[in-house]
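What follows is a short report on a single structure.
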Amino acid sequence: PPPPPQPPPPAMSGISDPSELTSLTNADLDRFMSHLMSENCTALKKHEVRLLCDKAREVLREESNVQPVSCPVTVCGDIHGQFHDLLELFRIGGSCPDTNYLFMGDYVDRGYYSVETVTALVCLKVRYSRRVTILRGNHESRQITQVYGFYDECLRKYGDAEVWQFFTDMFDYLPLTALVENTIFCLHGGLSPSVQSLDQVRAIDRVQEVPHEGSMCDLLWSDPDERTGWGVSPRGAGYTFGEDVSLEFNHTNNVTLIARAHQLVMEGYDWGHDRKVVTIFSAPNYCYRCGNQAGIMELDEKEHYTFLQFDPAPRKNEDLMAKKAPDYFL
Numbered sequence: 097p098p099p100p101p102q103p104p105p106p107a108m109s110g111i112s113d114p115s116e117l118t119s120l121t122n123a124d125l126d127r128f129m130s131h132l133m134s135e136n137c138t139a140l141k142k143h144e145v146r147l148l149c150d151k152a153r154e155v156l157r158e159e160s161n162v163q164p165v166s167c168p169v170t171v172c173g174d175i176h177g178q179f180h181d182l183l184e185l186f187r188i189g190g191s192c193p194d195t196n197y198l199f200m201g202d203y204v205d206r207g208y209y210s211v212e213t214v215t216a217l218v219c220l221k222v223r224y225s226r227r228v229t230i231l232r233g234n235h236e237s238r239q240i241t242q243v244y245g246f247y248d249e250c251l252r253k254y255g256d257a258e259v260w261q262f263f264t265d266m267f268d269y270l271p272l273t274a275l276v277e278n279t280i281f282c283l284h285g286g287l288s289p290s291v292q293s294l295d296q297v298r299a300i301d302r303v304q305e306v307p308h309e310g311s312m313c314d315l316l317w318s319d320p321d322e323r324t325g326w327g328v329s330p331r332g333a334g335y336t337f338g339e340d341v342s343l344e345f346n347h348t349n350n351v352t353l354i355a356r357a358h359q360l361v362m363e364g365y366d367w368g369h370d371r372k373v374v375t376i377f378s379a380p381n382y383c384y385r386c387g388n389q390a391g392i393m394e395l396d397e398k399e400h401y402t403f404l405q406f407d408p409a410p411r412k413n414e415d416l417m418a419k420k421a422p423d424y425f426l
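Mind the numbering: the sequence shown is residues 97 to 426 in the numbering used here, read in order.
And the structure:
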């Protein structure tokens, strides 16, 4: 008998023909976002992703390892490919460019829509570069994304690994930390025994894959802990650090608060270290089964903070998808 027919290649919905687009204008970015930022999100074509990542690298290479950010700004934690919940975040917190945003990493992996999530956030960054800040998380790396979903999602949606390569090459340029009004230190993970000052963070050569150890690794992997001093991290990378460490770092660098993400917290935000550290987690019902709320932190012009919490966006087939989630999603 004849061989069975081959399935068609993945549908590559997009905006324009390759011959029509060789560089990006604001009009192109607005058009991208109109397709992306909707419930029926339309993915960009491969060449459009390449142009977007090229432009993002140009923007990001000008930013510091300790990127200054002004108030008012809304600070957000992990998103992890939960695209519909990202849209809910914008409904709760306000749309760009009316609201300024600082995202603290982990845009991809674990959720089902990493491609759409990271594409949308990078579009916003390129379009509104002074109003949107995106930092690097431990999942913005080649090694981690090959294990926890983003690599496989790119293969499934684009037919090969080129889009994954475009994004992971761009991830190398993401700033490691941000400093809001010189007083609130924001980063994905936590502190490092190799870093006592912000100038030491500024001196890191960040344009590389996330190392397995050292200061850059620690900033993306470490966690606060109830025990004092430095401890071995159960994650296998970074450290745990106690309240004494946070207090000394904040005093040395004249900052009042460390805002970070990286850990699931059931209420969406969680204070630690006598309110010297706050953890913000912005992926509600994490992995479609954890039952947590999401949180974001609004900072007004006077650096007064308000926490907003939200639940998952209603979505068709979520129960079915949760049952199919592979073990690594937790």
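Yeah, the Cβ is synthetic: ideal placement off N, Cα and C, and Gly gets one too.
Residue interval of the alpha helix (DSSP H) (run including residue i)
| i | result |
| --- | --- |
| Thr138 | Here Thr138 belongs to no alpha helix (DSSP H), and DSSP marks it neither H nor E. |
| Phe267 | 258–267 |
| Asp295 | 294–298 |
Straight-line gap, residue i to residue j (C-alpha atoms, nearest Å)
| i | j | result |
| --- | --- | --- |
| His143 | Arg238 | 20 Å |
| Met129 | Asp150 | 17 Å |
| Gln178 | Val214 | 10 Å |
| Val228 | Glu277 | 15 Å |
| Asp202 | Ser119 | 28 Å |
| Thr279 | Leu251 | 42 Å |
| His369 | Thr375 | 11 Å |
| Phe246 | Glu339 | 35 Å |
| Thr121 | Ala216 | 16 Å |
| Glu305 | Arg157 | 15 Å |
Secondary structure of residue i, DSSP reduced to three states
| i | result |
| --- | --- |
| Leu316 | helix |
| Val373 | strand |
| Gln359 | coil |
| Tyr254 | helix |
| Gln178 | coil |
| Asp407 | coil |
| Leu125 | helix |
| Ala433 | The structure shown has nothing for residue 433, since the chain only spans 97 to 426. |
Beta carbon of residue i nearer than 8 Å to that of residue j
| i | j | result |
| --- | --- | --- |
| Ala152 | Val218 | yes |
| Leu283 | Leu231 | yes |
| Asn234 | Gly190 | no |
| Phe262 | Val155 | no |
| Thr138 | Leu147 | no |
| Pro408 | Asp181 | yes |
Closer than 7 Å: residue i CB and nearest the ligand SAH heavy atom
| i | result |
| --- | --- |
| Asp314 | By its list of ligands, the structure shown contains no ligand whatsoever, and the ligand SAH lies outside what it can speak to. |
Extent of the continuous beta strand (DSSP E) run through residue i
| i | result |
| --- | --- |
| Met393 | 390–395 |
| Leu120 | Per DSSP, Leu120 belongs to no beta strand (DSSP E) and is neither H nor E. |
| Leu217 | Careful: Leu217 lies outside any beta strand (DSSP E), inside the alpha helix (DSSP H) at 210–223. |
| Gln163 | 162–165 |
| Asp366 | 365–368 |
How do the segment 249–269 and the segment 317–335 stand: do at least 3 beta-carbon pairs fall below 8 Å, yes or no? no
Within 8 Å, do at least three Cβ pairs link the segment 314–330 to the segment 275–294? yes
Is the segment 377–391 touching the segment 360–367 in the sense that three or more CB pairs, one from each, lie closer than 8 Å? yes
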